[in-house]
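Take the sequence shown: its letter number 157 is residue 157 in full-length UniProt numbering, and every next letter is one higher.
Think of the CB as a built atom: it goes at the ideal place given N, C-alpha and C, for glycine as much as any other residue.
To start, the structure itself, in structure tokens.
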Amino acid sequence: MHRDNRLVTYGRDDDGKEVAFVTLWDGAIATLYADDLAALTALGFSTSWSRKYQRPQPHAAIPRSDGKKVIVARLLMEAPEGTMVDYLDGNALNLRRSNLVLKPGRSKSTATDAIREARQKLAERLKTAEVAEDSSTLQGPPAPPERPDGHASAQGVDG
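As structure tokens, this is what we get:
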């Protein structure tokens with residue numbers, strides 16, 4: 001079981017773009033564009049981020065449903081296997097797309113699999129919601145309430 005979502009605050013960066021600040025389990029703060037965070041949460045990823053320790057520095061990571069962690073930057077860049085995400089300023093907690101670039105590498109990370117899985121789950125949730133909505137509209141409007149004498153009352157008419 002994963003911890004509850006962590007504190008997220010919002011602000012603007014030096015370019016005036018809205019950014020989100022996600023507090024990690026150890027108090028460190030990851031920064032990314034607010035629309036990227038919205039896209040991740042819409043896919044069902046939580047903001048219960050921790051750090052996955054890799055050389056040369058730790059990376060912000062999100063727990064997957066299978067218990068493994070996926071690096072947030074890899075999700076944002078939809079990095080396929082055999083690529084790595086490089087941080088232009090060297091800060092692995094600066095997750096703004098303007099700071100991320102894909103390079104050839106040896107990664108066997110399943111970021112693209114995690115995104116595909118999340119999109120499938122989202123599609124299933126939306127389909128379930130549509131079915132529920134369709135079934136409620138098929139039932140038609142609710143019947144008018146009955147009067148105390150057992151007859152249906154007409155709306156706007158008192159008995």
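| Going straight from the alpha carbon of R12 to that of R96, what length do you get? | Residue mapping note: residue 12 aligns to position 12 of the sequence shown, counting from 1. Residue mapping note: residue 96 aligns to position 96 of the sequence shown, counting from 1. In a straight line, the C-alpha of R12 is about 12 Å away from that of R96.
TODO: Answer with buried or exposed for A92, where buried requires no fewer than 16 other C-beta atoms within 10 angstroms of its C-beta.
DONE: As a working note, residue 92 is residue 92 in the sequence shown. Per the 10 Å Cβ criterion, buried.
(message) Considering just the uninterrupted stretch of the beta strand (DSSP E) at R74, what are its terminal residues?
(response) As a first step, residue 74 must be located in the sequence shown, where it is residue number 74. Element bounds for R74: not the beta strand (DSSP E) but the alpha helix (DSSP H), 72-77.
- prompt: Taking the alpha helix (DSSP H) that D89 falls in, what are its first and last residues?
  reply: The residue given as residue 89 occupies position 89 in the sequence shown. From DSSP, D89 is part of no alpha helix (DSSP H); its letter is neither H nor E.
Next item on the list: Assign L7 to one of three DSSP states: helix, strand, or coil.
Entry: As a first step, residue 7 is located in the sequence shown; it is residue number 7 there, counting from the start. Residue state for L7 is assigned as coil, using DSSP reduced to three classes.
**Q.** Beta-ladder partner(s) of I29, from DSSP
**A.** Here residue 29 corresponds to residue number 29 of the sequence shown, with the count starting at 1. Note: I29 sits in a beta bridge opposite T23.
With which residues is L43 paired in a DSSP beta bridge? By 1-based counting over the sequence shown, the position of residue 43 is 43. DSSP output for L43 lists no bridge partner at all.
(Q) Applying the 10 Å Cβ sphere with the 16-neighbour rule, what's the burial state of L7? (A) Your numbering for residue 7 matches position 7 in the sequence shown. Exposed is the call here.
- Message: Could you tell me the alpha carbon to alpha carbon distance between V85 and R106, rounded to whole angstroms?
- Response: As a working note, residue 85 is residue 85 in the sequence shown. As a working note, residue 106 is residue 106 in the sequence shown. Whole-angstrom Cα-Cα distance: 11 Å.
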